[in-house]
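> Encoded as structure tokens, here's the structure I'll be asking about.
Residue numbers (the working numbering): 42 to 125.
Here is the structure:
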């Protein structure tokens, strides 16, 4: 399962709210979050490709493992069938 997100101009607050929501919501096991143009501020990407024009360039992309981020914060990750 993947969540894809395409950022908009000055998306800092939106991205912070998104992090909180992703951590609070039940997600399918092994879900990934893909962010384009703007990185998440506290999540560590498992893959990143940054635009030569800088980290907010249109060609920048970051992939995050949601289970890893939840585990780092002490959130129990259980096998889930959400949205199967």
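Cβ coordinates follow ideal geometry from the N, Cα and C atoms, glycine included.
Quick caveat: nothing in here was measured; it's all calculated off a predicted structure.
Can you check which of these residues, 53, 67, 58, is closest to residue 78 by C-alpha distance?
Closest by alpha carbon: 53.
> Is it true that the CB of residue 81 sits closer than 9 Å to the CB of residue 111?
No, the Cβ-Cβ distance between residue 111 and residue 81 is not below 9 Å.
> With H, G and I counted as helix, E and B as strand and the rest as coil, what does DSSP make of residue 92?
Residue state, collapsed to three classes: coil.
> Are residue 69 and residue 87 touching if we call contact CB-CB under 9 Å?
Cβ atoms of residue 69 and residue 87: not closer than 9 Å.
> Please report the straight-line C-alpha distance between residue 118 and residue 108, rounded to a whole angstrom.
Near 6 Å, if we compare the C-alpha coordinates of residue 108 and residue 118.
> Which one of 66, 100, 94, 92 has the shortest CA to CA distance from residue 116?
Taking only the C-alpha atoms, the option nearest residue 116 is 66.
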